[in-house]
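As given, the protein sequences belong to chains B and Y, one line each in that order. With the working numbering applied, the first sequence covers 117 to 325. With the working numbering applied, the second sequence covers 117 to 325. Idealized CB from N, CA, C, for every residue including glycine. Everything below concerns the one structure shown next.
Protein chains: 2
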Amino acid sequence: MIFYDCSTAPSPRRARMFIAEKGLTIDTREVSLTKGEQLSPDFLKVHPGATVPVLVTDTGQTLTENIAIAAWLDATHPEPPLMGQTPEEKAEILMWNARIESQLGMAVAEALRNGNPHMKGRALPGPDNFEQIPALAERGLERATLFFDRLDAHLEGRDFVATDGFSLADITAFCFVDFARVVKLRVDDTRPNLKRWYDAMRARPSAAL
Amino acid sequence: MIFYDCSTAPSPRRARMFIAEKGLTIDTREVSLTKGEQLSPDFLKVHPGATVPVLVTDTGQTLTENIAIAAWLDATHPEPPLMGQTPEEKAEILMWNARIESQLGMAVAEALRNGNPHMKGRALPGPDNFEQIPALAERGLERATLFFDRLDAHLEGRDFVATDGFSLADITAFCFVDFARVVKLRVDDTRPNLKRWYDAMRARPSAAL
């Protein structure tokens, strides 16, 4: 089994954290997005879509999306369960995971990729080059800020995002909330519920990897 | 159980088609997005996020994302399986589902919402109003067209998107491929594999609903 990772990016961090929370150790290859290694001929043979994370399983199946990697790992390594056990838990975790991806992860990515001079011509991940759209950077930051407020409200009286226990939804939320610092959006005392949850997540060993 | 639907929009169509493929009949309420009913006080009580589909289960759980509705229905009504049975199938289906959402569904939505004069000030779904970004409409159409090409190549020699059988990935792909007509992107003989698959999907009774 081979895990293709990038230590500086939030998407592969989600898979890396999931693997660690499962207590697994998987042969890991670093693909430096800063150096553009995802566009190298060698990596494009692994995944023509030119994104990380990628997990190549022992049977040779190539999984290239976080949700697929998580679902496969949860099905093959059930303990501890990170995607719920009852239909209700499974649905609640996937619902929050999807909300966080579309309303926070996407927004932070839009803000960074369309605003950072180092990402000119690389406004989207993948093999195709797209020019930056400055208005999208502004909108992304606005949306991410709104979602910080909503997550803070949602976390009032809650220890975890989706269910009564730690789950995939917490991993996804933590990785994107933490990464929002790149667009100068930070967790602080103005959002006390978010801060309490964030500090608890950050204290997990899997968050330090 | 109550299913909140909108007969003209692709996202609720995904859930509607999934419900039909499961052979289920669920009490359905139409929420007209054309009339802005998703922003009415009554619907905002159901889902403050102001989107459809929504499924309120018999226990009162409110599921507001396609992936959550599908996962709950598949767990509570296993036949026919639409999200895979082995870990490999489950992962492959979720992988394609995620790719189609981010590379096609998102792209078509960007093209429509940022280009259609009737959607001024409503460039994103949900309770917040965002101005249109014309460059994003152009980029969306370009991305959707690229994905049509990739899906055509992928479907060479295949009857279904993800596995050897019909699945959630086919539903998601069909609803967005079909909806791309709103930005003048249509399936035709220039993409023969896509056309063969599309015609087969369109012939399913669930596609007529």
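For residue 150 of chain B, the closest alpha carbon among the candidates B:124, B:187, B:132, B:265 is that of B:124. Here residue 143 of chain Y has 118 as same chain residues with Cβ atoms under 6 Å from its own Cβ, once five neighbours each way along the sequence are excluded.
When B:159, B:228, B:188, B:167 are compared, the shortest CA-CA separation from residue 204 of chain Y is found for B:188.
A check of alpha carbon separations from residue 241 of chain B across B:191, B:225, B:250 identifies B:225 as the nearest. Straight-line measurement puts the Cα of residue 137 of chain Y at about 11 Å from the Cα of residue 194 of chain Y. Within the DSSP secondary-structure output, residue 179 of chain Y pairs in a beta bridge with Y:171. Considered as a whole, the region 290-319 of chain B harbours 308-318 as its complete alpha helix (DSSP H) runs of no fewer than 4 residues, in chain order. At least 8 Å separates the CB of residue 324 of chain B from every CB of chain Y.
In the DSSP annotation of this structure, the continuous segment of the alpha helix (DSSP H) that includes residue 216 of chain Y starts and ends at 203-216. In the displayed model, residue 249 of chain B falls within coil according to three-state DSSP, outside both helix and strand.
Of all alpha-carbon atoms in Y:215, Y:214, Y:256, Y:218, the one lying nearest the alpha-carbon of residue 230 of chain Y is that of Y:256. Counting the other CB atoms within 10 Å of its CB gives residue 245 of chain B a total below 16, which places it among the exposed residues. In terms of Cβ geometry, residue 312 of chain Y and residue 264 of chain Y do not form a close pair [threshold 8 Å]. Judged by DSSP secondary structure, residue 153 of chain B falls outside any beta strand (DSSP E); it is assigned neither H nor E.
For residue 276 of chain B, no Cβ of chain Y is located within less than 8 Å of the residue's own Cβ.
Around the beta-carbon of residue 167 of chain Y, 16 or more other beta-carbon atoms lie within 10 Å, marking it buried.
Selection B:297, B:216, B:291 evaluated against residue 320 of chain B yields B:291 as nearest (Cα-Cα). For residue 142 of chain B, there is no enclosing alpha helix (DSSP H), as DSSP marks it with neither H nor E. Considering only Y:140, Y:126, Y:120, the residue with the shortest C-alpha distance to residue 223 of chain Y is Y:126.
Chain Y has no Cβ within less than 8 Å of the Cβ of residue 118 of chain B. Beta-bridge pairing by DSSP links residue 229 of chain Y to no other residue. Bridge pairing for residue 121 of chain Y: Y:146 [DSSP].
Judged by their CB atoms, residue 303 of chain B and residue 310 of chain B are nearer to each other than the 8 Å cut-off. Nearest CB-CB separation between residue 313 of chain B and chain Y: not below the 8 Å threshold. The Cβ neighbour count for residue 201 of chain B, taken over all protein chains shown within 10 Å, is under 16; the residue is labelled exposed.
Within chain Y, no C-beta atom comes less than 9 Å from the C-beta of residue 295 of chain B; the nearest is roughly 17 Å away.
Judged by DSSP in its simplified three-state form, residue 238 of chain Y adopts strand. Take the alpha-carbon of residue 120 of chain B and the one of residue 134 of chain B: they are about 14 Å apart. Residue 254 of chain B sits in a helix when the DSSP states are folded into three classes. Contact between residue 211 of chain Y and residue 180 of chain B holds: CB atoms are separated by about 6 Å, below the 8 Å threshold. Proximity of residue 289 of chain B to chain Y, defined by a Cβ-Cβ separation below 8 Å, is not satisfied. In the three-state DSSP reduction, residue 224 of chain B falls in the helix class (H, G or I). Taking 8 Å as the threshold, the shortest C-beta distance from residue 214 of chain Y to chain B falls below it. In this structure, residue 252 of chain B places its C-beta atom within 8 Å of the C-beta atom of residue 252 of chain Y.
Taking 7 Å as the cut-off between beta carbons, the residues of the region 232-261 of chain Y near chain B are 244, 246, 249, 251, 252, 255, in sequence order.
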